[in-house]
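Beneath this line is the structure, given in structure tokens, with notes to follow.
Numbering (my numbering), first residue to last: 1191 to 2172.
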């Protein structure tokens, strides 16, 4: 076996490594190794291993191989180019790696150690992709030698691994820390690191040689241009040359609308001020997401300053091919494709004052531009990029201009201007604002929609009606395009293709596995962003809280509850990768990561059905782990801050489910999270949101039962979940008094749980009892206090009701109060206060509620001073924990009542007024607002202030009219219909 282009010493090293490796294999293994003839075979083999192993940890380790395999693909290309297209010895590497992975995969911990070793090698490995692109077409003997030795060490790594794991499987594989294996491969890894430095060094030498050739022979057209922009370069230009004409290859403006970028244009002009007389290289970078108008702004500047520069060059810099093509076209246009021809239009220096501008548009590769970067001292450069790293590399931070989507007003104005509609048309202006908001005020999207609507000759309102989901179905239609000044077709469906679509031609910009996973998750979450805590605080145990009762039925469950972001560095690195492509933004103040709504739509468009399902289900597990729990049905008051952070994410997932239900299935666990979230909204007084969330969850569960498809969750689990959602609805009916105060719904909850009861199951019995306790509250509200009291007395005897003992004591107290048994109510209230203080804390809402009840008892007993003292205790707590809640308003109203009854009606006014202010801005029963408005009207009438009397009377009557009430009817409800629920 002879490798002709390698010297004898290197060949001996190579042959020795190969012989040692092949000698360690049996005949069958040698055949298998030789059968894997390339990287594609290796990829296929890894996939077959993944399909055959059901152990999640093995699959997880195999998934960790993906970036390593991509690195090996670059290595494969490098070998083909520099080692003359893969002689047989080099082919054997793929079979060797295949055998290592197969042997190690028999135990997940063995495979993890091998993958860790390969990760270490690839992380510090040579930049093969860079060599392939940068050094293509050259012959570099020393680089070949370095690559051969590197290849031999990789074979040696395979040999060491196979020998170790086959030597003594029980001794090795079950060694908890695998120290012997680490010790075995560490010398090999160190040698590979040293070889990496050697390969990089030889590549740097080759790169310098290539640069010299490019500057002298290979790329005369490109360097001819750059040399002429640099009169101080080693290829000196004749000082007798004169410039006979100027040159520019700017794309035409084609009548495009320039709007809303005046500030950014002024900043760009300041960065590139050509009138200051200094000879220096001026640079500026326009950085931002795709479609935001960077190219348009650069073009606007260039055309506005066309008389300030002798030379203006527009260079498409998306990739090496486009960049070289741009320079080739420029060279021909300037007549310097052949540097030996003295064309009269060639660039010539005149008194050293040549001024030029180069615009590198859409730079995506940090290193690619270095070869083409001018070194002149009297020119200007604009780069446009989506990469933050590129922006900071080529310009100082104060010369990087961040381009954001428009604000709402600017986006609306642009849309109206595109269509030619005056802002005085309020209907069209309102529709324009709605459309611009749905487009996230992205200039390209506004331009596409505006020009389309204008071409139809229709008003915006007509377009809005015809395309209710234009932001997805219409906007992402590939036929909706705009031909940009740079003469390539641009549409929303392709502007993020570089990073998002697997089949995109430029794979250099593709996302790594974690970045793709995170952007996929963000596509389902709240458009305002997601808290980083959602991805960081999850553990498998927390994810499974109240989770599947039949976990074996869920495919790849271990994968779904495996958190790739549980390490801070992993999450930070992922966000950095996405930020560098301007796909996400990180708000350091709120610790939220977000992406533009059209990026979200683009991600969802390129996500397959199975991917949608797995990403969505993983998100549900994350959210289940993060959203505060409600142990034993206790209130969530003390956890409101945490609930607030995550509540919008629950709403977003429910909304995403409604849009993608055919792919997602029936997310039963989401209903569990939604039950907690709905309860939070209920406690917060946002009843319509709580109602909607519960109804959506019931719909999901009903559909799962109808179709008899709810893998991972038993029929009992789904029916039990339905009962919890109906309990939310029943509680809303009690808080916002309806026709029967939630009585029928409370009975429904109890009946579902009775019918769903499992034999001899104490937990089921406990939840049936809890349903009866809620039923008792509805009975009280309906005036059926005797039936309610019987239930409550029975429940207080149960040990399983002790966690909520204070609640049942308080409800019994209310029942006695409504029955006129004031002394017993007072005694029980004292007990309830004591228990609530012990269980919930002295400053809790439960204690505040007990003080409110105490005030009612004192009012009924005629003890006004004691009532006011109790109300103040209640207010002190509610003003801290829930200052803008309906119950706080009602406490203020009740305080006004107590003061009014004491004869000081003017002192009652501030309390009524504060109550009305709160009720006017919170979600409450309209009867509450009416009662307070009528109370203020009555007081002002007594005070002789007829103007204010009429004002509040009008407010009360208008509100009463909306729900069919009357002044007398509302005032007559004091206190029975309200006090018993506050």
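Every residue gets a Cβ at the ideal spot worked out from N, C-alpha and C, and that includes glycine.
- Using a Cβ distance threshold of 8 Å, residue 1856 and residue 1899 count as a contacting pair.
- Separation of residue 1836 and residue 1386 (C-alpha to C-alpha, rounded to the nearest whole angstrom) is 46 Å.
- Secondary structure within the segment 1840-1922: the alpha helix (DSSP H) runs of 4 or more consecutive residues, fully enclosed, are 1858-1874 and 1877-1896 (chain order).
- Boundaries of the alpha helix (DSSP H) around residue 1801: 1799-1816.
- Here residue 1880 is near residue 1922, since their CB atoms are less than 8 Å apart.
- For residue 1577, no beta strand (DSSP E) segment is defined, and its DSSP state is neither H nor E.
- DSSP places residue 1782 in no alpha helix (DSSP H) but in the uninterrupted beta strand (DSSP E) bounded by 1782-1784.
- Annotation: residue 1383 to residue 1311 spans about 7 Å, alpha carbon to alpha carbon.
- For residue 1440 against residue 1502, the beta-carbon gap comes to about 6 Å, under 8 Å, which counts as contact.
- Per the C-alpha coordinates, the member of 1787, 1784, 1571 and 2019 positioned closest to residue 1492 is 1571.
- Under a 10 Å Cβ-count criterion, residue 1505 is classified as buried, with 16 or more other Cβ atoms of the shown protein chains found around its own Cβ.
- Beyond the five residues adjoining it in sequence on each side, residue 1703 comes within less than 6 Å, by CB distance, of 1256 in the same chain, given in chain order.
- Secondary structure at residue 1835: helix, using DSSP grouped into helix, strand and coil.
- Under the three-pair Cβ rule at 8 Å, the segment 1763-1770 counts as touching the segment 1701-1715.
- Boundaries around residue 1957 are those of the alpha helix (DSSP H), 1952-1971, since no beta strand (DSSP E) includes it.
- Where residue 1976 is concerned, there is no enclosing beta strand (DSSP E), although the alpha helix (DSSP H) around it starts and stops at 1975-1985.
- With distances taken between CA atoms, residue 1512 lies nearest to 1559 out of 1496, 1559 and 1476.
- By the neighbour-count definition (other C-beta atoms within 10 Å, threshold 16), residue 2036 is a buried residue.
- Here the alpha carbon of residue 2078 sits roughly 6 Å from the alpha carbon of residue 2068.
- In terms of Cα proximity to residue 1232, the closest of 1262, 1247, 1242 and 1217 is 1262.
- In the DSSP assignment, the residues bridged to residue 1777 are 1782.
- Residue pairing from DSSP places residue 1590 in a beta bridge opposite 1475.
- Beta-bridge annotation (DSSP): residue 1721 is paired with 1782.
- Using a 10 angstroms sphere on the CB of residue 2150, the tally of other CB atoms reaches 16 or more, which defines it as buried.
- Here the alpha carbon of residue 1756 sits roughly 11 Å from the alpha carbon of residue 1722.
- Using a Cβ distance threshold of 8 Å, residue 1890 and residue 1867 do not count as a contacting pair.
- As the crow flies, the alpha-carbon of residue 1733 is around 53 Å from that of residue 2144.
- Note on geometry: alpha-carbon atoms of residue 1977 and residue 2021 lie some 22 Å from one another.
- DSSP places residue 1553 inside the beta strand (DSSP E), whose first and last residues are 1546-1553.
- Between the alpha carbons of residue 1749 and residue 1805 lies a distance of about 11 Å.
- Under the DSSP definition of a beta bridge, residue 1261 lacks any partner.
- Residue range 1501-1506 is occupied by the beta strand (DSSP E) that includes residue 1504, with no alpha helix (DSSP H) assigned at that position.
- At the C-beta level, residue 2062 and residue 2082 stay beyond 8 Å of one another.
- When DSSP reads this structure, residue 1569 sits in a beta bridge with 1546.
- For residue 1354, DSSP records no beta bridge to any residue.
- Counting along the chain, residue 2102 sits inside the alpha helix (DSSP H) bounded by residues 2095-2111.
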